[in-house]
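Numbering (mature numbering (1 follows the signal peptide of the UniProt record, and there is no 0)), first residue to last: -19 to -1, 1 to 76.
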């Protein structure tokens, strides 16, 4: 029973960590605008337009950008924006 509880807590911790990124001037969270993320985290090491997607109504294309921050303590952070809003935060240990 105790091992299951610990596993659930660890899983929730990992999930929450991916929903936001702690930066020097605040916490970048899903839904933030690109200008808010840049104000909180500074200039990204790289920014790349990776494609387009349609909005919910299907009447407009939205750009998809990937920003990379790091390395920070050996980790790289990959932020994905759709239509200027932060949608996803992934991390990966550097070489």
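Each residue gets a CB set at the ideal place from its N, CA and C atoms; glycine is no exception.
Please read these numbers as outputs of a predicted model, since none were measured by experiment.
Residue i, enclosing beta strand (DSSP E) - first and last residue
i          : result
residue 9  : 7 to 10
residue 68 : 66 to 74
residue 3  : 1 to 4
Spatial neighbours of residue i in its chain, beta-carbon cut-off 6 Å, leaving aside the 5 residues before and after
i          : result
residue 36 : 43
residue 71 : 59
residue 75 : 52, 55, 57
Extent of the continuous alpha helix (DSSP H) run through residue i
i          : result
residue 19 : 15 to 22
Residues bridged to residue i [DSSP beta-bridge criterion]
i          : result
residue 44 : 33
Presumed contact (8 Å Cβ cut-off) between residue i and residue j, rounded CB distance
i           : j          : result
residue 107 : residue 67 : The shown model of the chain, from -19 to 76, leaves out residue 107, and the question about it has no answer.
residue 65  : residue 28 : The pair is not a contact, with the Cβ atoms about 12 Å apart (cut-off 8 Å).
Cutoff 7 Å; reference residue i; Cβ partners in own chain excluding five residues on either side
i          : result
residue 25 : 48, 49, 50
Residue burial classification, residue i (beta-carbon count within 10 angstroms, cutoff 16)
i          : result
residue 18 : buried
residue -1 : exposed
residue 46 : buried
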